[in-house]
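Worksheet for the structure shown next.
2 protein chains.
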Amino acid sequence: MRVMGVDPGLTRCGVAVVEGRPGVRPTLVAVGVVRTSPGLPHEFRLLRLEEGLTAWYDRYRPGTISIERVFAQHNLHSVAGVAQAVGIAMLIGARHDTPVELHSPSEAKAAITGSGQADKKQVGAMVARILGLDGPPRPVDAADAVALAVTQLWRGGVENRYAQAVAARRRAS
Amino acid sequence: MRVMGVDPGLTRCGVAVVEGRPGVRPTLVAVGVVRTSPGLPHEFRLLRLEEGLTAWYDRYRPGTISIERVFAQHNLHSVAGVAQAVGIAMLIGARHDTPVELHSPSEAKAAITGSGQADKKQVGAMVARILGLDGPPRPVDAADAVALAVTQLWRGGVENRYAQAVAARRRAS
Chain A
1329 MRVMGVDPGL
1339 TRCGVAVVEG
1349 RPGVRPTLVA
1359 VGVVRTSPGL
1369 PHEFRLLRLE
1379 EGLTAWYDRY
1389 RPGTISIERV
1399 FAQHNLHSVA
1409 GVAQAVGIAM
1419 LIGARHDTPV
1429 ELHSPSEAKA
1439 AITGSGQADK
1449 KQVGAMVARI
1459 LGLDGPPRPV
1469 DAADAVALAV
1479 TQLWRGGVEN
1489 RYAQAVAARR
1499 RAS
Chain B
1329 MRVMGVDPGL
1339 TRCGVAVVEG
1349 RPGVRPTLVA
1359 VGVVRTSPGL
1369 PHEFRLLRLE
1379 EGLTAWYDRY
1389 RPGTISIERV
1399 FAQHNLHSVA
1409 GVAQAVGIAM
1419 LIGARHDTPV
1429 ELHSPSEAKA
1439 AITGSGQADK
1449 KQVGAMVARI
1459 LGLDGPPRPV
1469 DAADAVALAV
1479 TQLWRGGVEN
1489 RYAQAVAARR
1499 RAS
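Have a look at this one:
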C-alpha cells in the first residue's frame, strides 16, 4: 500500500509518499514541500498548490491520501487558507477516486510516538527512527506529512472500509 | 462587462451572471444554485461543486468573478466548507486568468441597498428592482449571488486595476 501524506498549508505544504503495510517497517518513497509565494494573489497560490500536489499525485500514484484535519488554533485568515489547502488535496483524491482520510494532529502524534501530546521534535525523531533515516525530514511540514502517511498506513484496513463506504454512497447519490 | 457572482456554500452555492456597466441598469443573464448532497463524502461534495461552477463558467464565460468574503460567524466546520467553496471559485478564476474579487456581505448590502445593515429581504427586493424582475430570485443564495455580481459591476474600473495588479505580481513572481 502506498500512501501520500499531506500537511496542508499555502506557504509550505508538506508532502510525503510512504509504502508498506500494517506491522512492517514502512519505506519512504519521497518527501518534500510544495511552496507558494505569499506575494502572489491568493487565487494563484491556490492554483500553484493544486498544480504542485497534482504533480506529486501523478508521479507517485498513491492508493490513499492522508491529510491533517484542521482546527481553528490560529487566526481565521490562516485557517481559511489551510482549509482551502485541505480542500485541494481532497479534490485531487476525489478526481482520481483515491480514498482520502483526515487525521487530527493528536491522532498522528499518538500513532507515531504513542502520545497524542508529543512535540514536533519527538515526532520528527520517531519518524526518522521508524523509516531508518539519518535524521528527521526537513522542514517540519515534511516530517509531519510523513507522520500522516505512516499513521494511515498503520491503521490497516481503513483503506478498504473507506473505499467501500465511498462506493456505496456514490451509488446511492 | 459580464460578472459571475458566487455566494459560496456546499449545500447550496448561489451563482448569478449579470451584464452591464457602471451607471446603467444591469441585465440578469442567468441565476441559480449548485447543490451538493450532505450525504456525500466531503471530497465528492467539493468535486461536484467544482464541476457545477466550472459548467457555469464555461457556459457564460464571465469577464470577472465576484465572491462573498467569508467570516467566522458560524461553527468552524461550516466555515471550513464555505472557505473551501470560496477556494474552488477562486481556482476557477485563476485557471482561466479571470480576475477574482471578494466582497464582504456588508459591502454588497451597501452597494445594493445603500445600507451595510440591510437584511436579506431588503437585498432581495432591491435586486429585483434593479434588474426589473417580478420578484427576488429564489432561493436566497441565488439572490445573494446576483447582489455580489451587481456590486462588482458597479465598482467600475476595479476589473482593470485588479487585472493590472495581478499581471504585475505574476511577472514579479
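Protein chains in written order, with our numbering: chain A, 1329 to 1501; chain B, 1329 to 1501. We treat Cβ as the ideally placed atom computed from N, Cα and C, and that holds for glycine. From a predicted model like this one, the values you see are computed outputs, not experimental measurements.
- Setting aside the 5 residues that flank it on each side, residue 1453 (chain A) is surrounded in the same chain by 1464, each with a C-beta closer than 8 Å to its C-beta; the list follows chain order.
- In this structure, A:1353 is the residue among A:1353, A:1409, A:1338, A:1336 with its C-alpha nearest to the C-alpha of residue 1455 (chain A).
- DSSP places residue 1355 (chain A) outside any alpha helix (DSSP H); the residue lies instead in the beta strand (DSSP E), whose first and last residues are 1355-1363.
- At a Cβ-Cβ threshold of 8 Å, residue 1480 (chain A) and residue 1394 (chain A) count as neighbours.
- For residue 1444 (chain A), no alpha helix (DSSP H) encloses it, and the DSSP letter there is neither H nor E.
- Per the coordinates, the alpha-carbon of residue 1349 (chain B) lies some 56 Å from the alpha-carbon of residue 1329 (chain A).
- The Cβ neighbour count for residue 1358 (chain B), taken over all protein chains shown within 10 Å, is under 16; the residue is labelled exposed.
- Under the DSSP definition of a beta bridge, residue 1335 (chain B) partners with B:1342.
- Note that the region 1339-1348 of chain B touches the region 1356-1374 of chain B; at least 3 beta-carbon pairs, one per stretch, sit closer than 8 Å.
- Rounded to the nearest whole angstrom, the C-alpha separation of residue 1413 (chain A) and residue 1388 (chain B) is 27 Å.
- Around residue 1443 (chain A), the same chain offers 1437 as residues with beta carbons nearer than 7 Å, after the five sequence neighbours per side are excluded.
- As for any alpha helix (DSSP H) of minimum length 4 sitting wholly inside the region 1359-1436 of chain B, the runs are 1370-1388, 1404-1423, ordered along the chain.
- Where residue 1462 (chain B) is concerned, there is no enclosing alpha helix (DSSP H), because DSSP gives it neither an H nor an E.
- For a cut-off of 8 Å, the C-beta gap from residue 1346 (chain A) to residue 1478 (chain A) is around 6 Å, short enough to register as a contact.
- Assigned with DSSP and collapsed to three states, residue 1466 (chain A) falls in coil, not helix or strand.
- Under the three-state reduction of DSSP, residue 1457 (chain B) is assigned to helix.
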